[in-house]
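What follows is a short report on a single structure.
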Amino acid sequence: MSILDRYLLRQALRPMGATVLIALLALLAERALSVVELVIGWRGSLLIVFEMLSYLIPHYMGLALPAAFFIGILFAYSRLSRDSELDAMSAGGYGLVQMVLPMVWLAIVIMALHVALVSHLQPYSRYAYRAA
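Using the numbering used here, the first residue of the sequence shown is number 133, and each one after it goes up by one.
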């Protein structure tokens with residue numbers, strides 16, 4: 133993996149990580165109110181609230197990950213274009229396929245992560261959430 137490949141990945145992973153974090157916090161905050169009301173009705177502890185919210189993370193991660201991947205790539209390439217870095221890479225002999233290939237590899241990794249998340253973690257966490 134070349135230095136430019138790592139640079140392109142770094143440019144995409146920063147906004148992607150921020151988007152995942154913001155989306156998870158927003159989705160969990162929306163659900164936290166109903167979970168707190170439910171636990172207060174049972175006279176349960178605050179630990180149960182955090183346990184129930186942790187069971188929701190795989191479900192919400194399955195929603196946030198594809199959107200965050202899109203936003204990360206969009207922000208990365210728009211910034212590279214705005215700063216004329218794509219033109220500089222092209223002038224330096226870096227072809228279009230070489231500019232896109234790191235994102236294709238990132239997409240394959242995200243796809244494998246998403247398949248594992250949806251097929252294994254989400255069913256377990258939904259069952260544990262309903263049982264809690």
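The beta-carbon is built from N, C-alpha and C at its ideal position, and this holds for glycine as well.
Best match in the options for proximity to residue i [C-alpha to C-alpha]
i, options, result
"Ala-200", "Ile-154, Ala-248, Ser-134", "Ile-154"
"Thr-151", "Pro-234, Ala-263, Ala-196, Val-250", "Ala-196"
"Ala-161", "Arg-146, Met-184, Leu-140", "Met-184"
"Arg-138", "Ile-240, Val-250, Met-235", "Met-235"
"Pro-255", "Ala-208, Gly-194, Leu-218", "Gly-194"
"Leu-141", "Leu-179, Val-241, Gly-176", "Val-241"
"Val-181", "Gly-224, Val-171, Arg-175", "Val-171"
Burial state of residue i (16 or more Cβ within 10 Å)
i, result
"His-252", "exposed"
"Met-148", "buried"
Backbone secondary structure at residue i - three-state DSSP
i, result
"Met-235", "helix"
"Gly-227", "coil"
Distance CB(residue i)-CB(residue j) smaller than 8 Å
i, j, result
"Tyr-187", "Ala-260", "yes"
"Leu-165", "Tyr-226", "no"
"Arg-211", "Gln-143", "yes"
"Leu-245", "Tyr-192", "no"
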